[in-house]
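Inspection log for the structure reproduced underneath, given as structure tokens.
Residue numbers (UniProt numbering): 1 to 166.
And the structure:
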């Protein structure tokens, strides 16, 4: 009998924006379904006090705001119950996804911003070229499959290493 395994692969393209120092890490995570995944975003923009997190499902899907952390106060959007933000928006924060599911397959982006009190992302510096062509991208790609798997190196798209039957 073939055993079934659950695989989540998270591939991150590290780097920073052209004009500002905004970085995401780590370079990659492989997790099983129902486990947790953590992404970190840091910046060194002294006037910025907020870190925002976005999710993009599908190749050209719209960016959905997961939430943001203003100093140490996280604010989360609806439908992201398993997503938690920790840290300090003025320097470094983490996005923690618990109980990973296949629908968490997406590209994740972080941004640094000055909180305006009305629209916190109105003056954001995102780490994604999908949002601004002038800035280098550092998205996190998360894919989840349920199968007997082994990594395939050098596979596309965009650096995502799929899990295939092994």
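Note that CB positions come from ideal geometry on N, CA and C, so glycine has one too.
| Item | Value |
| --- | --- |
| Beta-carbon proximity list for residue 122, same chain, < 7 Å, skipping 5 on both sides | At residue 122, the pLDDT of 38 sits below 50, so the modelled position is not reliable; the number obtained from the coordinates is stated separately. So the qualifying residues of the chain are 116. |
| CA-to-CA distance, residue 46 to residue 22, given in whole angstroms | 12 Å |
| First through last residue of the beta strand (DSSP E) which encompasses residue 55 | 50-56 |
| Length of the line joining the Cα atoms of residue 58 and residue 64 | 12 Å |
| Residues near residue 97 in its chain [Cβ-Cβ closer than 7 Å; skip 5 each side] | 36, 37, 82, 83 and 104 |
| Rounded straight-line distance, which links the Cα of residue 111 to that of residue 53 | 7 Å |
| Test item: CB-CB of residue 95 and residue 31 under 8 Å | no |
| Contacting residues, own chain, Cβ-Cβ under 8 Å from residue 70 (five flanking each side not counted) | 49, 50, 89, 115 and 120 |
| Residue from 91, 60 and 68 with nearest C-alpha to residue 44 | 91 |
| Cutoff 6 Å; reference residue 42; Cβ partners in own chain excluding five residues on either side | 23 and 92 |
| DSSP beta-bridge partners of residue 168 | Lying outside 1 to 166, the shown extent of the chain, residue 168 is not represented and no answer is given. |
| Delimiting residues of the beta strand (DSSP E) encompassing residue 23 | 22-25 |
| Beta-carbon spacing of residue 66, residue 56 below 8 Å | no |
| Counted within 10 angstroms of its Cβ, other Cβ atoms place residue 72 as buried (16 or more) or exposed | exposed |
| Buried/exposed call for residue 60, threshold 16 Cβ in 10 Å | exposed |
| Three-state secondary structure assigned by DSSP to residue 116 | coil |
| Helix, strand or coil at residue 102 [DSSP, three-state] | helix |
| Beta strand (DSSP E) segment containing residue 78, residue limits | Neither: residue 78 is in no beta strand (DSSP E) and is coded neither H nor E. |
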